[in-house]
Amino acid sequence: MSAGRPRRTRSHVALLTALEGGSVAFALAGFAWLGVVYLRMLVSPAPQEMREGALIVTTLALLEFRNPYALGALAEAANLYGIVYPLAVLPAAWLFGAGLAVHRAVAGLGFALGAWLLHGMLRREGVDRLTAGLAAALVAAGWLYWVGATARPDGIGVALMMAAYAAVAPDPEDPRRFAACLAVSLLGLATKLYFVFPAGVAAAYVFLFRSWWRGLAFGVAVLGGIAVTLALLAILFPGYPVLVLGANLAATGYDLGHLIRQAWDWAVFSLPLLATLGVVAALRLSPPPFWSFAALAALAALLLALGGHTGAHMSYFFHLLSPPLALAVLGAGARWPEPRLAFALALPVAMLASAPWFLLDPDRLTAAEARIAVAGRLIAAAQTPLVTTELAALAALDGKPTPETGHSEYFADAIAVVPPRLLAPLWLPRETIARELADLARAVEDGLAARRFDVVLANRGSILVRREALQRAGYRVVDRIEVEMAWSFQRWTVDVWRPVE
18 MSAGRPRRTR SHVALLTALE GGSVAFALAG FAWLGVVYLR MLVSPAPQEM
68 REGALIVTTL ALLEFRNPYA LGALAEAANL YGIVYPLAVL PAAWLFGAGL
118 AVHRAVAGLG FALGAWLLHG MLRREGVDRL TAGLAAALVA AGWLYWVGAT
168 ARPDGIGVAL MMAAYAAVAP DPEDPRRFAA CLAVSLLGLA TKLYFVFPAG
218 VAAAYVFLFR SWWRGLAFGV AVLGGIAVTL ALLAILFPGY PVLVLGANLA
268 ATGYDLGHLI RQAWDWAVFS LPLLATLGVV AALRLSPPPF WSFAALAALA
318 ALLLALGGHT GAHMSYFFHL LSPPLALAVL GAGARWPEPR LAFALALPVA
368 MLASAPWFLL DPDRLTAAEA RIAVAGRLIA AAQTPLVTTE LAALAALDGK
418 PTPETGHSEY FADAIAVVPP RLLAPLWLPR ETIARELADL ARAVEDGLAA
468 RRFDVVLANR GSILVRREAL QRAGYRVVDR IEVEMAWSFQ RWTVDVWRPV
518 E
């Protein structure tokens, strides 16, 4: 027994073994129940996140052999995330339809692949099979239960990120491994911008700790690869630069209070990892250097930029920080019983403390679906319905126009943020998207004025479907629907408007 470690009696060992076993059993039961609720959400016919409609509209455009980022279709069919996720959905959508369940299932498969890769990397660091499985389940639960399980690109992005790390981590200095990491990271860039992160981490690590000249060459390759990828995307999808880069730049902000709130909530959920970190530090164990650096790089990115971004709550923390932190702390304690014990004992505490964040009652989904089904029947029965963001998926799948999809509010800001010099000559001129947005807004206004829409279902904060325009055109509220997206814990009122003769 090494110096400084407390001597244990048989009774202490038996007590700790029982506590560890009970904690593991509780955690396994909790993860199993979360899985059941996730599967119930996956098949729900009701939208569960405000931007699901935008991804469905993009996939439908691809199924119709239309370029969603082509001139003339930008404001209606494009989304601000990227093209890889809709392309990944495309084969399943061609076979089974472009419904919500298909989109969510593809995202879920991405998360499953990411968790499998994380488990494999933990095993490669010497972590025992049970602890590696629990750690992968914990990280995956963070991925799933903060936005990512819905029709979004996060699952595919996480799978690509973990594949890039798996390729480069065994020997970051190997040019072939780095090339594989860079190729997969660039696919991540085209999925959601920050999933290019592993290639930058690998280049910086080699530059700082292995070979400065090789790291410099890797860094130039990363920057060159990003430039070439964005240029290729701009050629194939003309609206891509202003809608993806511009919209994301327009939405960028930094809120210190939001950073602190996110960090606290993430820390509560990630208590098993932090408890393990504390034990590793107390025992003065050495974490794997690459994963320590990757975790610190992710923490720096969160503190400097992404953590204060007022977008999806905690998704950046779970995507960028949780995987390398798990690999660093569990890899450091792989051959010691204390870190494993700390991780296991903290699991029930973290799960109970984070329970209010989770949808644990499937009946809540059933009640929410019944309310949204009322809106779905109104859309199906109408000849020319007009709906706002939360119902865009239902309208699109019913073959009805969807001028507002959940990404519309970002596009106008993108025009103001992206400088003209960046858009010319290769990139799309701002005037083109500005004209398309103006035409879309005018079409909605003209349609209301001419009473072309026989029913309008609108929330009270819509960008395109404004209450004043409805009243001016002679529409009146005839009913109200309490819309709830149970998975994301969002609830508000949608007014049902009809033209009054």
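So for the sequence shown, the working numbering puts the first residue at 18; every next one is plus one. Cβ coordinates follow ideal geometry from the N, Cα and C atoms, glycine included. In this text the structure is predicted, and so the values were computed from the model without any measurement.
{"Query": "Contact the segment 483-493 vs the segment 459-467: 3+ CB pairs below 8 Å", "Result": "yes"}
{"Query": "Cβ contact check for the segment 235-247 and the segment 204-216: 3 or more pairs under 8 Å", "Result": "yes"}
{"Query": "Length at least 4, wholly inside the segment 40-115: the alpha helix (DSSP H) runs in chain order", "Result": "69-80, 91-94, 101-113"}
{"Query": "Coil, strand or helix - residue 499 by DSSP", "Result": "strand"}
{"Query": "Nearest neighbour of residue 315, chosen from 64, 421, 338, 331 [CA to CA]", "Result": "338"}
{"Query": "CB contact check: residue 67 to chain D, cutoff 8 Å", "Result": "Looking for chain D here will not work: only one protein chain is present."}
{"Query": "Distance between residue 365 and residue 347 (C-alpha atoms, nearest Å)", "Result": "18 Å"}
{"Query": "Own chain residues within Cβ distance below 6 Å of residue 202, not counting five before or after", "Result": "181, 213, 215, 216"}
{"Query": "7 Å CB neighbourhood of residue 304 in its chain, flanking five on each side removed", "Result": "297, 345, 346, 348, 349"}
{"Query": "Cβ shell of residue 21 (< 7 Å), same chain only, five flanking positions each side left out", "Result": "Residue placement at residue 21 cannot be trusted, given a pLDDT of 49 that sits under 50; what the coordinates show is reported in the next sentence. Once the five neighbours on either side are set aside, residue 21 has no close Cβ partner at all."}
{"Query": "Cβ-based burial, residue 369 [other Cβ within 10 Å; buried from 16]", "Result": "exposed"}
{"Query": "Closest by C-alpha distance to residue 65, when choosing among 460, 49, 385", "Result": "385"}
{"Query": "Straight-line gap, residue 135 to residue 179 (C-alpha atoms, nearest Å)", "Result": "7 Å"}
{"Query": "Per-residue burial, residue 283 [other beta carbons within 10 Å of its own, 16 or more giving buried]", "Result": "buried"}
{"Query": "Nearest to residue 415 (by Cα), restricted to the options 422, 52, 396, 150", "Result": "396"}
{"Query": "Coarse secondary structure for residue 376, derived from DSSP in three states", "Result": "coil"}
{"Query": "Three-state secondary structure (DSSP) of residue 140", "Result": "helix"}
{"Query": "Expected contact under 8 Å - CB spacing of residue 40 and residue 280 to nearest Å", "Result": "With a Cβ gap of about 25 Å, residue 40 and residue 280 do not count as contacting."}
{"Query": "C-alpha gap between residue 355 and residue 222, whole angstroms", "Result": "29 Å"}
{"Query": "Contact check, residue 470 vs residue 419, beta carbons under 8 Å", "Result": "no"}
{"Query": "Contact check, residue 70 vs residue 406, beta carbons under 8 Å", "Result": "yes"}
{"Query": "Collapsed DSSP secondary structure at residue 400 in the structure displayed", "Result": "coil"}
{"Query": "Contact check, residue 118 vs residue 60, beta carbons under 8 Å", "Result": "yes"}
{"Query": "Inter-residue Cα distance where the pair is residue 190 and residue 49", "Result": "40 Å"}
{"Query": "Residue range of the alpha helix (DSSP H) that includes residue 415", "Result": "Where residue 415 is concerned, there is no enclosing alpha helix (DSSP H), given that its DSSP letter is neither H nor E."}
{"Query": "C-beta atoms of residue 411 and residue 398 nearer than 8 Å", "Result": "no"}
{"Query": "For residue 509, the nearest candidate out of 518, 499, 517, 459 (CA to CA)", "Result": "499"}
{"Query": "Spatially closest choice to residue 476 from 34, 503, 67, 247, by CA coordinates", "Result": "67"}
{"Query": "Pair within 8 Å by beta-carbon distance, residue 153 and residue 132", "Result": "yes"}
{"Query": "Residue 480: CB within 7 Å of a non-hydrogen atom of the ligand FAD", "Result": "For the ligand FAD, the structure offers nothing, since it holds no ligand at all."}
{"Query": "From 251, 124, 335, residue whose alpha carbon lies closest to that of residue 55", "Result": "124"}
{"Query": "Contact set for residue 113: own chain, Cβ-Cβ below 8 Å, skip 5 residues either direction", "Result": "119"}
{"Query": "Residue range of the unbroken beta strand (DSSP E) whose run includes residue 512", "Result": "507-516"}
{"Query": "Alpha helix (DSSP H) segment containing residue 253, residue limits", "Result": "229-253"}
{"Query": "Terminal residues of the alpha helix (DSSP H) in which residue 519 lies", "Result": "There is simply no residue 519 to check, as the chain begins at 18 and stops at 518 in what is shown."}
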